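Chains as they are written, first to last, in our numbering: chain A, 115 to 418; chain B, 178 to 1117.
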């Protein structure tokens, strides 16, 4: 019997970058998203070229009765009208991106097109490309501080290439409020552990977007017969006498973990997206995009 | 296991099969190697997989395979035997094997050998000595005791003999040998035929030292033997016997064979139910019967079913005696004329060289005739009379004809069947009122009973028998009035016959009727030869060498070394080891010595009543098969399968890329199968050799060759010269040579070219010895080399001054077998082979053309050309032919001639044409030039 799953070599970041760009090209540019322009509720999200709360000057406009804004007396003094100084809406929004580099992500089953790590990297870099194209500040925990650059994806890719061993769980404690974070992982740890890890984000008011990259074999458990399972992270071994008998129960637990995580995200107003490695990465990208632009934080929560 | 012909040598081992359930349990406990899988959500799975697995089980079919393997091994250890034979209990201090190898055992000899082999093998495994004796063997044959291997060798060397058994003697010897080995098992492998002295023989053998008896008999005595083959009056009488008590009817076919083994007649003998004897008559013409050499029963492969026949059943010798001088002028009045004509087709006639009866009768009697015909002999000389009487008493048939001498002679009771009245009786004469008497029906008792009476025959004179009480039974033929015409009498073993008429047509017309022939033939058939023809007076008492023997299987074979000459004597000759049945004598006359005589009977052999235990076994082939090897092989095969299955389950094969793996496996299996079933070598004989193309080109057209000297200028001039000659040849003659061929004499095949032009250049390297040897061979085999030194004007003035080219030529020729040379004489065929040429100029003129001297050629008749065979293998010139012939592509001459004379070039080309014609036609042209003279002689 042929083996179902195997560990792939880590995807080359350069390769992932190219594929990420390709994926990103399939998603509409974040800037042209009309809804983003309208919705300014969320501080820091793009309302650029538009007056609003911000630090930079935008325009002077004639004061109208009942206008809550303060009159700019310095300008008003120059002529007979009273003016109000409008500031440009501050759009400097920071999106943190992180793809799980753990060995478990290297897994790829026969039914999947790519390994999970490859998919995660593609998603993260595609996001980076999209965001930097639209002028957002992007950052990678433990790797880069937030920066704005047109070639943000490339820079991140370069950094990833030159970075050494990254910690399995990055330090998320210095991510500020109003930031977004995109976490691409397989979230195979018990939900409690994941929640404990991400709790700091919730406490900081960071809006997080969780993308679970799942291999179809992990979900459907197609094993049968006497099988010895190895954990790629710990090297633990488990021997199942008749693997097929376990599938039902395993699937139940697997789904329960995902449901729990999704429910927790929903409660926090975060988005939770599932992407299977046998499906297209663009699907997740579109959903993530929708989730980032949607009013309803739960809009992106769908199982892709 | 009564339902299976299966037995086990070690049945206790079969209890090992009880271990199978344990093995099964153990096999179930041992899990196969698991499939290893990387699985990231292991921690989730770990929560599912809380409880410990029961040990994983092998697939059921693997367990079954291994159980089967174990069962096979256990069964194999139990030594299973298919179709087992009964092993004889190991008893006795020795095994005494007495085997009948007489003629009756020949048919199923192999079965007997197989049975005996088993007995010997058992004895060998028990380690007891074996005494083996054959009852139809030399009386001094060794009988042992042997060990088992030697006994087996003796058994395999033994052959059935075409002779009866000699049980008493052999059994006595065995009993003697058993004196030293009391308590032996005695195995009697009898042929089932009772013989004289059986009871005593068995008593001797079994009474004293035999501990137990193994009695082997055939299922039933199914022999059929031929006891007699008699040449009777109307056919060949055959008698066959079989074992008594067979209730079923049976039919056997007998075939008669001539001396070359061709089957010429058949007869079917039918045994009535319960009858042991069958007779039949092979009704074939008399002439054919004389060709019978042997008679054999079909399907019976033993000596008893074959009878060889000798002279006694063949042509009779008939002596003819007459006292009348043979008058060659009137053959029809010769008394023996009609007798001779009547007897010649079916009898050998013996006539004495002397007319004197005192000489003639012993002469004839020495020939041992079956019958003597006396035409009108009255008185027999006293000194030979007794011999004649003895001859008749011993079986001779004396046929006498009446006549005036007999009528006048005194009565002779010994040599006449009836007493005769003196004088003859005349019927129907001029002075008689009676008419000639016809012949009436033949008497039923006589030998002529079934002949048609010759109604056209009339008798006008006869001698009369004295009426006696027994005259009627002696009468074989009678006239209508009851007087005897032919009388006969058995006397001793012989017969006396008297025809009461003359053997010529004077007294009656009987001798010129067909009945006369029939009657004589019948009498001849009744007669018997009185000995072999070769049994001349002194040889009769000596022995007869074996000539053709009947082998045990009934075939006729050349005599065996054991056969000894047979001394024929009175009484029945026994068939013994020294005198096996067959023909004795030589080609000219043989004596048949047959196995069975008319009194033979097949009596089944009864088992002797003995006190010791008797085991009866049947003759049978050993059909038991030891299954151990097969079972072990099957177990090994299963083990191989098991190994493959385990490897497969362990994922050995899945590690490889599937497609490549499958292809590789398939290829490997195919290769293995190919290796197993031998090499299917495709013998597509590729007999192409390097250089074939060159050879084909060289021989598909006539090409002139030149030697590549290695000097570029020389080679190109040679080529251009031969090219020019080729063009000229095409232009002027019917010869159209191909392009000139340059040959390397050390490598290239030379025999393709009729002429090789060799320009000698001292600048060229000296050819090697091997190359010169090749040139020599080429010249010996019919090729011609044209050496051209091209130094006509380079030689010095002096007679002994030579140019370097000539020196080189001398060096080359020093290693060749050069024939004597001469300049081309004026009447040489070279001067006339195409053009008429007085000389052969090249670029230079004046050098002679040297050819092989035809010393013995004569030109007696002033013919234009000398005769002579062959073509000169060598030509030498100094005129530089090639230089004169050489042309460029446009056909213009390359080199000037010296002196510059256009006609010299033409003559040079003509010389080339003549040389080529001489090469290709040989002395044909020299014959051609004689045609005008021949025509002139014919008067044209």
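Glycine included, C-beta positions come from ideal geometry on N, C-alpha and C. These figures come from a predicted structure and were not determined experimentally.
| Asked | Found |
| --- | --- |
| Beta-carbon contacts of residue 244 of chain B that lie in its chain and below 8 angstroms, excluding the five residues immediately before and after | 197, 200, 201 and 204 |
| Closest by C-alpha distance to residue 1052 of chain B, when choosing among B/689, B/1064 and B/1001 | B/1001 |
| For residue 695 of chain B and residue 663 of chain B, the rounded distance between their alpha carbons | 13 angstroms |
| Residues of the stretch 326–357 of chain A whose Cβ lies closer than 7 angstroms to any Cβ of chain B, in chain order | 332, 337, 339, 340, 341, 342, 343, 344, 345, 346, 350, 352, 353, 354 and 355 |
| Validate contact between the stretch 235–249 of chain A and the stretch 338–348 of chain A using beta carbons, cut 8 angstroms, 3 pairs | no |
| Beta strand (DSSP E) segment containing residue 598 of chain B, residue limits | 597–603 |
| Same chain, Cβ closer than 7 angstroms to residue 1101 of chain B, neighbours up to 5 away in sequence not counted | none |
| Counted within 10 angstroms of its Cβ, other Cβ atoms place residue 762 of chain B as buried (16 or more) or exposed | buried |
| Cutoff 9 angstroms: residue 121 of chain A Cβ touching any chain B Cβ | yes |
| Selection from B/569, B/600 and B/676 that minimises the alpha carbon distance to residue 616 of chain B | B/676 |
| Short CB-CB distance (under 9 angstroms) between residue 230 of chain A and chain B | yes |
| Own chain residues within Cβ distance below 6 angstroms of residue 371 of chain B, not counting five before or after | 780 and 782 |
| CB contact below 9 angstroms: residue 243 of chain B versus chain A | no |
| Alpha-carbon to alpha-carbon, residue 289 of chain B and residue 298 of chain B | 14 angstroms |
| Beta strand (DSSP E) segment containing residue 1093 of chain B, residue limits | First-last for residue 1093 of chain B: 1079–1098, but that is the alpha helix (DSSP H), not the beta strand (DSSP E). |
| Under 9 angstroms between C-beta atoms of residue 320 of chain B and residue 752 of chain B | no |
| Between the CA atoms of residue 278 of chain A and residue 210 of chain B - distance to the nearest angstrom | 38 angstroms |
| Selected residue, minimal CA-CA separation from residue 271 of chain B, among B/318, B/337, B/190 and B/355 | B/355 |
| Best match in B/914, B/250, B/576 and B/889 for proximity to residue 942 of chain B [C-alpha to C-alpha] | B/889 |
| Own chain residues within Cβ distance below 8 angstroms of residue 443 of chain B, not counting five before or after | 430, 431, 432, 433 and 459 |
| Proximal residues, the stretch 279–313 of chain A versus chain B, C-beta separation under 8 angstroms | 300, 302, 303 and 304 |
| Chain D contact for residue 846 of chain B (CB, 9 angstroms cutoff) | This model lacks chain D altogether; the protein chains it does include are A and B. |
| Residue 289 of chain A - DSSP class collapsed to helix/strand/coil | coil |
| Straight-line Cα distance separating residue 958 of chain B from residue 938 of chain B | 26 angstroms |
| C-beta atoms of residue 642 of chain B and residue 596 of chain B nearer than 9 angstroms | yes |
| Test: residue 223 of chain B CB closer than 9 angstroms to a CB of chain A | yes |
| Residue range of the beta strand (DSSP E) that includes residue 927 of chain B | No beta strand (DSSP E) contains residue 927 of chain B, which DSSP labels as neither H nor E. |
| Same chain only: Cβ atoms within 7 angstroms of residue 124 of chain A, ignoring 5 sequence neighbours per side | 220 and 231 |
| Proximal residues to residue 291 of chain A (C-beta, below 8 angstroms), its chain only, five neighbours per side dropped | 318, 319 and 320 |
| Residue 932 of chain B versus B/330, B/917 and B/359, residue with shortest Cα-Cα distance | B/917 |
| Identified DSSP bridge partners for residue 671 of chain B | B/668 |
| Host beta strand (DSSP E) of residue 359 of chain A (start-end) | Unbroken run through residue 359 of chain A: none, as it is neither H nor E. |
| Per-residue contacts from residue 382 of chain A into chain B (C-beta, under 9 angstroms) | By Cβ distance, chain B contributes nothing, its closest Cβ being about 23 angstroms from residue 382 of chain A, past 9 angstroms. |
| CB-CB length for residue 1082 of chain B against residue 1070 of chain B, believed under 8 angstroms | 6 angstroms |
| Between the CA atoms of residue 535 of chain B and residue 750 of chain B - distance to the nearest angstrom | 36 angstroms |
| Spatial neighbours of residue 364 of chain A in its chain, beta-carbon cut-off 6 angstroms, leaving aside the 5 residues before and after | 335 |
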